[in-house]
Amino acid sequence: MKEILSKIELLKKEKDAVILAHYYVNDEIQEIADYVGDSYYLSKIAVEVPQKVIVFCGVTFMGESAKILSPEKMVIMPEANADCPMAHMASIEKIKEVREKYDDLAVVCYINSTAEIKKYVDVCVTSSNALKIVKALPQQNIYFVPDENLGRYIASKVPEKNFIFNNGYCHVHDEIMIDEVEDAKAAHPEAKVLVHPECTMPIIEAADYVGSTSGIIDYATTSDAEAFIICTEIGILYQLKKNNPDKKFYLVNKNQICPNMKKISLPKVAYALENEINQVEVDDETRTKAVLALGKMLELSK
Ligand code: 13P
Ligand code: SF4
Numbered sequence: 079m080k081e082i083l084s085k086i087e088l089l090k091k092e093k094d095a096v097i098l099a100h101y102y103v104n105d106e107i108q109e110i111a112d113y114v115g116d117s118y119y120l121s122k123i124a125v126e127v128p129q130k131v132i133v134f135c136g137v138t139f140m141g142e143s144a145k146i147l148s149p150e151k152m153v154i155m156p157e158a159n160a161d162c163p164m165a166h167m168a169s170i171e172k173i174k175e176v177r178e179k180y181d182d183l184a185v186v187c188y189i190n191s192t193a194e195i196k197k198y199v200d201v202c203v204t205s206s207n208a209l210k211i212v213k214a215l216p217q218q219n220i221y222f223v224p225d226e227n228l229g230r231y232i233a234s235k236v237p238e239k240n241f242i243f244n245n246g247y248c249h250v251h252d253e254i255m256i257d258e259v260e261d262a263k264a265a266h267p268e269a270k271v272l273v274h275p276e277c278t279m280p281i282i283e284a285a286d287y288v289g290s291t292s293g294i295i296d297y298a299t300t301s302d303a304e305a306f307i308i309c310t311e312i313g314i315l316y317q318l319k320k321n322n323p324d325k326k327f328y329l330v331n332k333n334q335i336c337p338n339m340k341k342i343s344l345p346k347v348a349y350a351l352e353n354e355i356n357q358v359e360v361d362d363e364t365r366t367k368a369v370l371a372l373g374k375m376l377e378l379s380k
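Terminal number for the sequence shown in my numbering: 380, no gaps in between.
See below:
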């Protein structure tokens, strides 16, 4: 263990590399990362860091977004097959169809989407800035892809706009059931319920707080409450417990695990960096189109 940690440290210096990690990756990866955050923070920090090489401990769409925003940097994924299934759940044909059908339409795309899909949309959002961005858009009609649950949550907060939904979902969040949340509340009546907006509406309606991974961590850390029921992926517990060693955190089921995020390991980080493998490549045509939607997200979320 010690050996691999010093190897990664040496490689970082030798190659002028920085390690970024999402809150859902394994604890030991979050521990060695230079920056850990939610999807919005990671997309911003990837642009800001001065290092030439980014080792992105997350899933494909995160590495792709970093490469699209910073094409001059080398972006390495420790595990080439760590992909988010939801990122593929939007159809370019359907986007074209909806554009034909509606005037005054904005196609709003969750960052959890492929670079190819981002070419056809107007603006990207993450769970932490979606509400602000959708409210700021002048268009009356919003086609929200790929996540239906996040789309419905945002729609519930912006009733003045007309939403068209797409049937994408995150299996980790979509499978959290209301009876499980009710059972957890009955077992821990003192606990606040903290929910990621990739969950379905009944879970969102049962929440004391709804927000991105960073939002959930901030809420639990600044709250006077001592106990929390956590409706998102298990990896978030690392930071929650680190910030709040005396508070209690409860999950609601045994499947709050993203298998793709968990594919990343310390040996894979060391191997990928040493051999400069799994470099993210985005062709120029895709990049020049997709960067517009990502750039607009950064602009509108300021
Ligand atoms: P955030 O960290 O932006 O809340 O996203 C959650 C997620 O599912 C990332 O894949
Ligand atoms: Fe995709 Fe869900 Fe995993 Fe996030 S937690 S990477 S949305 S499958």
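Backbone N, C-alpha and C fix where the C-beta goes; we use that ideal spot for every residue, glycine too.
Residue i to residue j span [Cα, whole Å]
i	j	result
T364	A265	50 Å
K319	L272	15 Å
K341	L370	31 Å
Y180	Y328	44 Å
D105	Y231	30 Å
N190	A262	29 Å
L89	K346	13 Å
E226	N245	5 Å
S169	V236	24 Å
S290	I86	29 Å
Residue i CB to nearest heavy atom of the ligand SF4 below 7 Å
i	result
M339	yes
E276	yes
E304	no
V273	no
M155	no
P163	yes
Residue from the options with nearest C-alpha to residue i
i	options	result
E150	P163, P128, G136 and M164	P128
E304	N322, Y287 and K122	N322
L351	K91, K80 and E81	K91
N333	L344, K145 and G313	G313
C162	I335, L376, K380 and Y349	I335
S379	Y119, N190 and G115	Y119
E258	I307, I97 and L215	I307
K172	S290, V199, N159 and A214	V199
L372	A348, A193, K239 and V223	A193
C187	E178, E175 and V212	V212
P280	S234, A208 and K122	S234
Any non-hydrogen atom of the ligand 13P closer than 7 Å to residue i Cβ
i	result
N190	yes
H100	yes
C187	no
T299	no
Enclosing alpha helix (DSSP H) for residue i [first to last residue]
i	result
A99	Not the alpha helix (DSSP H): A99 falls in the beta strand (DSSP E), residues A95 to H100.
L215	Counting along the chain, L215 falls outside any alpha helix (DSSP H), and DSSP gives it neither H nor E.
N190	Note, N190: premise wrong, no alpha helix (DSSP H); not H, not E.
I256	I256 to A265
M140	T138 to L147
V347	L344 to N353
Residue i (DSSP reduced to helix, strand or coil)
i	result
K46	Examination of residue 46 is not possible in this model, given that the chain is present from 79 through 380 alone.
D361	coil
Y119	helix
A298	helix
D182	coil
K270	strand
M155	coil
Y247	coil
A208	helix
V103	coil
Extent of the continuous beta strand (DSSP E) to which residue i belongs
i	result
K326	K326 to L329
Y382	An answer regarding residue 382 cannot be provided, because it is not within the stretch 79 to 380 covered by the chain.
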